[in-house]
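Residue numbers (the numbering used here): 1401 to 1509. Glycine is no exception: its CB is placed at the ideal position from the N, C-alpha and C atoms.
Listed below in structure tokens is the structure:
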């Protein structure tokens, strides 16, 4: 996609280019990688292509999102467990400091 440029250096996109940019932005907002977006854009240019490939790519991304959610839930649980200083006057009783960044038996990848 190559925009035209105005005399002041601003890029000018036609409506099809703007639609493609909106598609790319939406894909980025929901977490697709640039590589996956390139694949999706290629599917757009071949409208007779089977949806199975798009579904497979989307399912792979959904699995990745589910894994991220699981990891974030583990982090949330850990943080909830260590909130609350035992010694309100000194930081040596604060669990976030006492754990030295360790999550004990839990591990976050």
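Start and end residues, alpha helix (DSSP H) containing residue i
i	result
residue 1433	Counting along the chain, residue 1433 falls outside any alpha helix (DSSP H), and DSSP gives it neither H nor E.
residue 1481	1451 to 1482
Three-way DSSP call (helix, strand, coil) for residue i in this model
i	result
residue 1507	Note that residue 1507 scores 49 on pLDDT, short of 50, meaning its location in the model is unreliable; the coordinates nonetheless yield the value given after this. Of the three classes helix, strand and coil, the one that applies to residue 1507 here is coil, per DSSP.
residue 1446	coil
residue 1423	helix
Burial state of residue i, where buried means 16 or more other Cβ atoms lie within 10 Å
i	result
residue 1405	exposed
residue 1504	With a pLDDT of 49 at residue 1504, under the threshold of 50, the modelled position of that residue is not reliable, and no figure is offered here.
Among the options, the one whose alpha carbon lies nearest that of residue i
i	options	result
residue 1420	1433, 1437, 1410	1437
residue 1461	1433, 1449, 1451, 1480	1433
residue 1464	1410, 1403, 1430	1430
residue 1482	1440, 1494, 1471	1494
residue 1510	1401, 1449, 1423, 1446	This structure leaves residue 1510 out entirely; the chain is present only between 1401 and 1509.
residue 1458	1471, 1472, 1443	1443
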